[in-house]
Structures are given as C-alpha cells and as structure tokens.
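For the sequence shown, the numbering used here gives the first residue as 2, with consecutive numbering after it.
Beta carbons: idealized from backbone N, C-alpha and C, even for Gly.
A short write-up of the structure that comes next.
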Amino acid sequence: MKVLITGGCGFIGSNFIHYLLKKYRSIKITNLDFLTYAGNLANLKDVAKDPRYQFVHGDITDGKIVNRLMSCDPDVVVSFAAESHVDRSLYQPSNFLRTNILGVQVLLESARQHNIKRFIQISTDEVYGSLSLKDKASNETDPLVPSSPYSASKAAGDLLVKAYEKTFGYKTIITRSSNNYGPYQFPEKVIPLFITNAMADKPLPLYGDGMNIRDWLYVEDNCRAIALLINKGTPGEIYNIGGNCERTNIYITKTILKLLNKPTSLITYVKDRPGHDRRYALNISKITRLGWYPEYKFEERIKKTIAWYLNNQDWIKQVKTGEYLKFYKKHYKI
Ligand code: NAD
Ligand code: TYD
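Below is the structure:
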C-alpha cells in the first residue's frame, strides 16, 4: 500500500505514521509537511531512515508539489495538515484560512484529477459548535455551527469536500474526531501544556470557570480508527471518532496535578477564551458499526502520557525553546 500523508510531522500525523509502520510490513509512506512551528522532525526521528518512509518538505497550498506527489499514484491520501490551535486562530486567522481551506481545495483538485481512489480528510468535532449539558451528542448529519476561526476554517474544508462530491462526483471520507491526547503533542494544547507547566512548577492557566467539557480520545485509538476507515470506510461518508469520555477541564487539571504530585495552588484561573465552546460530545455509533471502539481508558492513558513527557525532557526543551525552528530556517529556507 502506498500512502500519501500530509501534516505527518505534527501530533496525530506522527503517531499515525508510527502506527502504520508498526502495523504493516509492506507499506510506502510519503509525508508532505510544511514544517510550521507545529511540525517537528524529532517526532519521526526513529523512523527517518526506514526505507518505507520518506519526508517531503512542502506546502499543501502549492499545487506543483501536490501534483507531483499525487502523480506517484498513492493508494490513499490521509490529510492531517492544518493550523490546529484555537487560541492562535484568534490572532492569526489568515494562516488558518490559507491551509485549512485553500490547502484542502488544492489537495481535492489534484486528487480528483489524478483519480486517487481513497482520500481521508481529517476534520474535527469542533465543526458542530458548542453543546449545552442538555444537548444530545453530535451526529454526522448535524448542522455545522463553528465558533472560532479554526473551527470555521475546518468546517469550510468539510464543505469543500462535499462540494467536490456533488459537483465532480469525487468522493472523500471525512473523519471528525474529538480532542486527542498522547505523546508528541505540542505543549500549547491543554494536556501537554498543563503537564509540562506542572513539571516545571509553573502556573496552570485555566480558562473561565474550568467547567468546559471535552471528549478525550487517546491518539492511538484515533490512529486505529483511521486505519480501519482506509479499508472499511465508504467514500463520501463522514465518521465521528470519539472517546466516550467527557471530562471537565478542572477534572483534567486536578488529575494531572495529582499524578505529578504537585499542589492545586498551581491552578490559576484566567480570563476566558473569547467564544469558548462549552461542551463537545460525539455520537460514535456509525463507526462502531464497522467494529471500532475506543479501547483506552482516560484514567489509565493519562498516566502513560505523563510518563512519556517525563521521559522526553529533551523533546520538551527543544520544543519550548524553538531550537528546531532555527534548524528549519537554515536547512529548509523557511
Ligand atoms: P498539529 O498542529 O500538531 O500538526 C499539524 C501539522 O500540519 C504540522 O506538522 C504542520 O507542520 C503541518 N502543516 C501545517 N500547515 C501546513 C501546510 N500548509 N502544508 C503542509 N503541512 C502543513 O495538528 P494535530 O493536532 O496533529 O491535528 C492534525 C489534524 O487533526 C488537523 O487537521 C486537526 O484539525 C485535526 N484534529 C486534531 C485534534 C486534536 O485534538 N489535536 C482533534 C480533532 C481533529
Ligand atoms: P485546547 O487543548 O486548546 O483544545 P480545544 O480548544 O481545541 O478543545 O483546549 C482544551 C480545553 O482546555 C478548552 O476548553 C480550553 C481549555 N484551556 C484552558 O483552560 N487553558 C489553556 O491554557 C488552554 C490551552 C486550554
């Protein structure tokens, strides 16, 4: 199987590449990544010399490079590439529109022209917008009501997928997963930020009243779901991938502090994020009918995640100081 992955140097993409290389002996993976601040070659250091894997530096909005890779005839394209952090989208929205909308359109156009049989667009539960405690979990057919420039740009990407289907008959699978956690996640997202801050005895900035709810999915469960969809997903369909694990932010924060044996006095309530979605929850019955279920329990996997950060302090230092960005500037003319 030949797989073209975009955004494979980020959190979920790098976990997915590790997952595929472990699962399939006979596989060829090409990873197209622009190496933004969120793309880290260190995430794939251990597989960089694997003959089944190659890295290509490039931007998904660049039709020339995308066409070159699509003309190598991949059996499947899995597109993770995105600007992915809500807070950044509040002050740099244009980057989000460029990658998450224009980039998706460039990929779709090229994939359609090269007649790529399987294309998986990685989207998010955030496109459904905020739920109240009384609301039912979001279904794949629910309207898109995004709140932030990030979720609006992802929703626009999803709508382009559907427009390509209707206009050109080009069918793409969309996955909408809930919040992932696990190794290699950039410490701007709440779990790695709070783990690394707590490790350094720094304050944990909790937004608003700390009662916002996210549904947490261990990243390997997401990888397993995406791999299943490569084989069993129906082109043209949307699949929610959730962890059946709704937790408040204050619960997540206290759990991290307890496991690291740090005092709750590190919790610092700060001004709320503008437009902060209260709750996300996913109905996952559609993908469970294909035989997938989230296997990992949060209370067990958060321990493993914390252990990963404790064992990878060089990675944390490199990411927090931005050392790798200096290297990119020199070697990739960024
Ligand atoms: P990430 O920010 O860790 O990684 C994004 C990757 O995309 C980086 O390697 C970056 O260099 C690359 N990239 C950015 N712009 C690019 C461009 N123009 N061309 C090529 N590469 C580019 O993101 P993540 O957390 O791994 O998320 C991956 C995907 O999953 C995203 O599409 C995101 O919307 C979606 N998602 C993430 C979560 C989550 O909890 N992290 C939840 C649901 C959905
Ligand atoms: P985040 O990891 O940014 O993911 P998303 O907003 O895409 O769900 O945030 C998860 C939750 O944690 C969200 O409700 C916002 C909250 N949060 C904080 O309270 N403090 C922080 O410093 C961050 C980054 C997030």
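- Taken through DSSP and simplified to helix, strand or coil, V107 comes out as helix.
- A Cβ-Cβ contact shorter than 8 Å links Y165 with L109.
- Setting aside the 5 residues that flank it on each side, V105 is surrounded in the same chain by G158 and L161, each with a C-beta closer than 6 Å to its C-beta; the list follows chain order.
- The beta strand (DSSP E) runs lying completely inside the region 39-109 and spanning 3 residues or more are 54-58 and 77-80, given in chain order.
- A distance below 8 Å separates the beta carbons of V128 and L145.
- Checking the 7 Å criterion, the Cβ of R215 is within range of a heavy atom belonging to the ligand TYD.
- Selection R248, V79 and T289 evaluated against I174 yields V79 as nearest (Cα-Cα).
- Taken from the Cβ of L132, every heavy atom of the ligand NAD lies 7 Å or farther away.
- For T197, the enclosing alpha helix (DSSP H) begins and ends at V191 to M200.
- Residues of the same chain with a CB within less than 8 Å of the CB of S15, apart from the 5 flanking positions on each side, are G9, N41, N44, L45 and Y185 in chain order.
- Within its own chain, the residues whose Cβ lies closer than 7 Å to the Cβ of W316, once the five positions on either side in sequence are excluded, are A43, listed in chain order.
- Residue pairing by DSSP places W217 opposite N180 in a beta bridge.
- The ligand TYD never approaches P150 closely enough for any of its heavy atoms to be under 7 Å from the residue's Cβ.
- DSSP places N32 in the uninterrupted beta strand (DSSP E) bounded by K29 to D34.
- When DSSP reads this structure, Q122 sits in a beta bridge with S80 and I175.
- Take R119, set aside five residues on each side of it, and the residues of its chain with a beta-carbon closer than 6 Å to its own are V77, in chain order.
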